[in-house]
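Numbering (the working numbering), first residue to last: 442 to 612.
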């Protein structure tokens with residue numbers, strides 16, 4: 442179990458590094474797009490806008506996986522906080538199981554189908570001429586992180602027992 446935790450911690454660290462690097466590239470890309478558009482004597486780059494769109498999608502999805510792992514997503518816990526401790530715990534399980542089902546069905550399975558279908562159709566981006574399937578691969582990658590994080594949250598909820606200390610967002 443310790444080895445799996447070490448591997449998982451390494452995967453999370455890699456995800457953090459990749460997300461930060463992609464965000465830095467996004468900032469530089471948009472900056473270059475603005476500079477090349479408005480500076481006299483520099484030919485505007487036609488690829489910066491397309492690259493920015495794909496980078497924004499990647500950064501958004503990868504960062505959402507990191508945010509979910511840290512319980513950083515917006516939650517409406519007004520009603521849940523009024524529940525008794527066992528009902529709060531149950532609400533936590535329902536929320537995490539819902540995320541788990543969505544991440545497996547929509548992100549992992551659906552994302553994999555999306556990647557396979559677009560790669561087999563040989564679809565390319567208009568300007569950069571990149572295979573769209575590779576760009577869509579962020580969906581199942583995000584699904585892996587959401588799935589493992591949801592399982593991690595469920596295990597943490599289960600380990601707490603019925604002591605009533607687990608709130609819906611404190612997995």
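C-beta: ideal position from N, C-alpha, C; glycine also.
**Prompt:** What do you reckon, are the CB atoms on residue 574 and residue 556 nearer than 9 Å?
**Reply:** For this step, residue 574 is matched to residue 133 along the chain shown. For this step, residue 556 is matched to residue 115 along the chain shown. Yes; because the gap between Cβ atoms is below 9 Å, this pair is in contact.
**Message:** Check whether the segment 584 to 600 and the segment 505 to 522 touch, using three or more Cβ-Cβ pairs below 8 Å as the test.
**Reply:** yes
**Asked** Looking at C-alpha atoms only, which residue of 594, 602 and 470 is the closest neighbour of residue 513?
**Response** For the purposes of this step, residue 513 is taken as residue 72 along the chain shown, with counting starting at 1. When 594, 602 and 470 are compared, the shortest CA-CA separation from residue 513 is found for 594.
**Item:** Whole-angstrom distance between residue 498 and residue 592, CA atom to CA atom
**Value:** Start at 1 with the first residue of the chain shown, and residue 592 comes out as number 151. Start at 1 with the first residue of the chain shown, and residue 498 comes out as number 57. Roughly 25 Å between the two C-alpha positions.
**Asked** Run through DSSP, which three-state label would residue 484 get?
**Response** Counting from 1 along the chain shown, the entry for residue 484 is found at position 43. Residue 484: coil per DSSP, three-state reduction.
**Prompt:** Under a Cβ-count criterion, where at least 16 other Cβ atoms within 10 Å of its own Cβ denotes burial, should residue 552 be classed as buried or exposed?
**Reply:** By one-based count along the chain shown, residue 552 stands at place 111. Around the beta carbon of residue 552, 16 or more other beta carbons sit within 10 angstroms, so the residue counts as buried.
**Asked** What are the residues that DSSP puts in a beta bridge with residue 565?
**Response** As a working note, residue 565 is residue 124 in the chain shown. 572, per the DSSP bridge assignment.
**Item:** Boundaries of the alpha helix (DSSP H) in which residue 641 is found, first to last residue
**Value:** Since the first and last residues shown for the chain are 442 and 612, residue 641 lies out of range.
**Request:** Please list, in chain order, all residues of the same chain as residue 588 whose beta carbon is under 8 Å from its beta carbon, the five residues on each side excluded.
**Result:** Locating residue 588 in the chain shown gives position 147, where the first residue counts as 1. Counting only Cβ-Cβ distances below 8 Å, and skipping sequence neighbours, we find 541, 544, 545, 548 and 549.
**Request:** Would you kindly work out how many angstroms separate the C-alpha atoms of residue 560 and residue 539, rounded to a whole number?
**Result:** What you label residue 560 is simply residue 119 of the chain shown in a count that begins at 1. What you label residue 539 is simply residue 98 of the chain shown in a count that begins at 1. When the Cα atoms are used, residue 560 and residue 539 turn out to be separated by approximately 30 Å.
**Asked** Closest to residue 515 by CA distance: which of 483, 536 and 525 is it?
**Response** Within the chain shown, the letter at position 74 stands for residue 515. Closest by alpha carbon: 536.
**Assigned exposure category for residue 479 - 16 Cβ within 10 Å defines buried** = Taking the first residue of the chain shown as position 1, residue 479 is located at position 38. Under this definition residue 479 is an exposed residue.
**Asked** Rounded to a whole number of angstroms, what is the C-alpha to C-alpha distance between residue 444 and residue 450?
**Response** Counted from its first residue, the chain shown places residue 444 at position 3. Counted from its first residue, the chain shown places residue 450 at position 9. Cα-Cα distance, rounded: 10 Å.
**Request:** Leaving out five residues on either side along the sequence, give the residues of the same chain with a beta carbon under 7 Å from the beta carbon of residue 454.
**Result:** Your numbering for residue 454 matches position 13 in the chain shown. Excluding positions up to five away in sequence, the list is empty.
**Request:** Measure the C-alpha to C-alpha separation of residue 487 and residue 510 and round it to an integer number of angstroms.
**Result:** Counting from one through the chain shown, the residue named residue 487 turns up at place 46. Counting from one through the chain shown, the residue named residue 510 turns up at place 69. Cα-Cα distance, rounded: 37 Å.
**Request:** Could you have a look at residue 595 and say whether DSSP puts it in helix, strand or coil?
**Result:** Position 154 of the chain shown, counted from the start, is the residue given in the question as residue 595. In the structure shown, residue 595 sits in a helix (DSSP, three-state: H, G or I).
**Message:** Please classify residue 519 as buried or exposed, where buried requires at least 16 other C-beta atoms within 10 Å of its C-beta.
**Reply:** Indexing the chain shown from 1 puts residue 519 at position 78. Around the Cβ of residue 519, a 10 Å sphere holds fewer than 16 other Cβ atoms; the residue is exposed.
**Message:** Assuming contact is defined by CB atoms lying nearer than 9 Å, are residue 470 and residue 496 in contact in what I supplied?
**Reply:** Against the chain shown, residue 470 aligns to sequence position 29. Against the chain shown, residue 496 aligns to sequence position 55. Against a cut-off of 9 Å, the Cβ pair of residue 496 and residue 470 comes out as a contact.
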